[in-house]
Structures are given as structure tokens and as C-alpha cells.
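One structure is given below, encoded as C-alpha cells.
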Amino acid sequence: MASADAFQFEFQSRALTGHGAPVSMPGFFFANVLRVELDEKTRGRLPRKIILKTAQEEYQALFDNEARVYEKLAQVQGKYIPDYYGIAAINGSPAHLLSDIGGITMEDEAMPSLDEKTLREGLKGPLEAIRRAGIILEDL
3 MASADAFQFE
13 FQSRALTGHG
23 APVSMPGFFF
33 ANVLRVELDE
43 KTRGRLPRKI
53 ILKTAQEEYQ
63 ALFDNEARVY
73 EKLAQVQGKY
83 IPDYYGIAAI
93 NGSPAHLLSD
103 IGGITMEDEA
113 MPSLDEKTLR
123 EGLKGPLEAI
133 RRAGIILEDL
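If you're matching positions, the sequence shown starts at 3 in the numbering used here and goes up one per residue.
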């Protein structure tokens, strides 16, 4: 993680604190997506590492739709997609609060090379579960 800044946000009427930074990778900087490690004394039952994805004014409809999609995908959360905890508030803006599922980024490490058959087999279960939940992915 890049240099960590201190963050404070509200979730379910509680103030939480942690340290983190915006997500970035070569050629991309996502100022509205924060990877945060929560302080033990304030995190309660939340995981130690979370993602806060703040709403951007010009994309409010997408932000609202994302919450509805996560609700539909409740059965696959924690297995194929991050756990969605709900909407928090940071610096006066709403933010989706998600578990950080870890993994590698192109910035951290070279991506593993997978042959097409292995990739298709690995994606089959998650994509079928997402489709069964009523979500149609139009970019695959």
C-alpha cells in the first residue's frame, strides 16, 4: 500500500478510524476508492481490511445501482465477490463499505498467466452464480 493516511468515517451511527490510501495501479488512480486498515479499537465486527468506495456526484445513479446489485448478490458475497456491509459516510459523502478481498494488483506483482481453458473453468462457477442472482454482465 502507498503511504497510509489516517481516515475517520461513520457507519451505523459509529465513528470508525483507520489508515489507508486510494487504490492505484500503473496508469490508474482511483481517488474515490480507499483501501483502509481499521483500528482495532473502533472496528467492531468489521474485518480489519476494508474498501470504501465513495460516491461521485456525476455518477450518483451508478452508485445507487451498485447498492441494489450488491443486495441481489447477497448469496455470493464472501465467496465470489466482496462482502457488502452497506453505506458509510466519509467527509460528508456516502461510500459503499466492502470487505477487502486481497489478492494482487498489477502494481504489486506480475499477473499469473492462465491458458484460456483454465480461465474459462475458473470463471464458470462465479459467473453462473451471478447470473442465477439475476445479474446480467454485458461486458463478458
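Note that the Cβ used here is the ideal one computed from N, Cα and C, for glycine as well.
Closest Cα partner of residue i within the set the options
i      : options                       : result
Phe9   : Ala97, Gln58, Leu75           : Ala97
Gly104 : Phe11, Ile53, Leu40, Ile132   : Ile53
Ile92  : Ile137, Ala6, Phe13           : Phe13
Ile89  : Glu68, Ile83, Gln79, Val78    : Glu68
Ile132 : Gly80, Val38, Asp117, Phe31   : Gly80
Gly124 : Asp141, Asp102, Tyr82         : Tyr82
Tyr61  : Tyr72, Leu48, Asn34, Ala76    : Asn34
Leu75  : Leu116, Glu118, Lys43, Leu129 : Leu129
For residue j and residue i, believed in contact at Cβ under 8 Å, the rounded distance
i     : j     : result
Leu36 : Pro28 : Contact doesn't hold; Cβ gap of about 19 Å is too wide.
Thr1  : Asp41 : Given a span of 3 to 142 for the chain in the structure shown, any question on residue 1 remains unanswerable.
Assigned exposure category for residue i - 16 Cβ within 10 Å defines buried
i      : result
Arg134 : exposed
Tyr2   : Limits of the chain in this structure are 3 at one end and 142 at the other, which puts residue 2 out of reach.
Arg45  : buried
Gly136 : exposed
Gly127 : exposed
Leu100 : buried
Leu48  : buried
Collapsed DSSP secondary structure at residue i in the structure displayed
i      : result
Ala23  : strand
Gly88  : strand
Lys74  : helix
Ala57  : coil
Asp7   : strand
Glu68  : helix
Ile83  : strand
Leu48  : coil
Leu125 : helix
Ala135 : coil
Glu42  : helix
Glu140 : coil
Phe13  : strand
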